Amino acid sequence: MSKKNALSWFDIYVADLIRARAFYASILETELDTPENPESGMEMAIFPFDYENGIGGALVKKEGHGPGAGGTLIYLNVEGDLDGVLSRIPAAGGTVLQPRLGIGEHGFIAIFRDTEGNTIGLHSLS
1 MSKKNALSWF DIYVADLIRA RAFYASILET ELDTPENPES GMEMAIFPFD
51 YENGIGGALV KKEGHGPGAG GTLIYLNVEG DLDGVLSRIP AAGGTVLQPR
101 LGIGEHGFIA IFRDTEGNTI GLHSLS
């Protein structure tokens, strides 16, 4: 089995899918797909990704799985203006915890808390 990425999928658990979807759509300036799957017992909003080659992930509202800080930290890719994303976080209801931080030749990271209480990282090459 060949692996292209260390991560293949992520779930960000949320208490309020509508609020969380609006938050991420606002700060990342993108739409999230909402599939209908009534048998799964969960509601989802999927981040855009390349089904052939990319890493995918979703906001997930599911009984018994709630949001919270201190769990797994994932980093969302930001293509372009990391500072632009960071500037939209407070207005969308989140909190910037770690402003832009250079990580040498690997670009820049930042960390924020979303409207659901999750701590999420951002990564940008520029």
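Residue numbers (full-length UniProt numbering): 1 to 126.
We put the beta carbon where it would ideally sit given N, CA and C, even for glycine.
As the structure is a prediction and not an experimental result, all values here were calculated from the model.
Identify, in the order they occur along the chain, each residue of the same chain with its Cβ nearer than 7 angstroms to the Cβ of residue i, setting aside the five sequence neighbours on each side.
{"i": "G117", "result": "P67, G68 and A69"}
{"i": "S2", "result": "In this prediction, S2 scores a pLDDT of 46, lower than 50, which makes its location untrustworthy; the coordinate-derived value is nonetheless stated afterwards. Around S2: no qualifying Cβ."}
{"i": "G93", "result": "F23 and T115"}
{"i": "F10", "result": "G57 and I74"}
{"i": "V78", "result": "V85, L122, H123 and S124"}
{"i": "residue 197", "result": "One cannot answer for residue 197 here, as it falls past the ends of the chain, which runs 1 to 126."}
{"i": "T30", "result": "P48"}
I believe residue i touches residue j by the beta-carbon criterion, under 8 angstroms. Please report the beta-carbon distance rounded to the nearest angstrom.
{"i": "F108", "j": "L82", "result": "6 angstroms"}
{"i": "T119", "j": "L97", "result": "7 angstroms"}
What did DSSP end up calling residue i once you bin it into helix, strand or coil?
{"i": "P90", "result": "helix"}
{"i": "E43", "result": "strand"}
{"i": "L122", "result": "strand"}
Is there at least one non-hydrogen atom of the ligand COA closer than 7 angstroms to the beta-carbon of residue i?
{"i": "G102", "result": "This structure simply doesn't include the ligand COA, nor any ligand for that matter."}
Using a Cβ-Cβ cut-off of 8 angstroms (strictly less than) and excluding sequence neighbours within five positions of residue i, which residues of its own chain qualify?
{"i": "T95", "result": "I89, F112 and R113"}
{"i": "E49", "result": "Before going further, note that residue 49 is Phe rather than Glu in the sequence given. I55, G56 and G57."}
{"i": "L7", "result": "I55 and I74"}
Do residue i and residue j have their CB atoms nearer than 8 angstroms?
{"i": "S126", "j": "G80", "result": "yes"}
{"i": "L59", "j": "M42", "result": "no"}
{"i": "P99", "j": "A91", "result": "no"}
{"i": "K61", "j": "L28", "result": "no"}
Closer than 6 angstroms by C-beta to residue i: which residues in its own chain qualify, once you throw out the five before and the five after it? Chain order, please.
{"i": "R19", "result": "T115"}
{"i": "residue 127", "result": "Past the edges of the chain, shown from 1 to 126, lies residue 127, and the structure says nothing about it."}
Point to revise | Unbroken stretches of the alpha helix (DSSP H), 4 residues or longer, contained in the stretch 45 to 119 | key: 82 to 92
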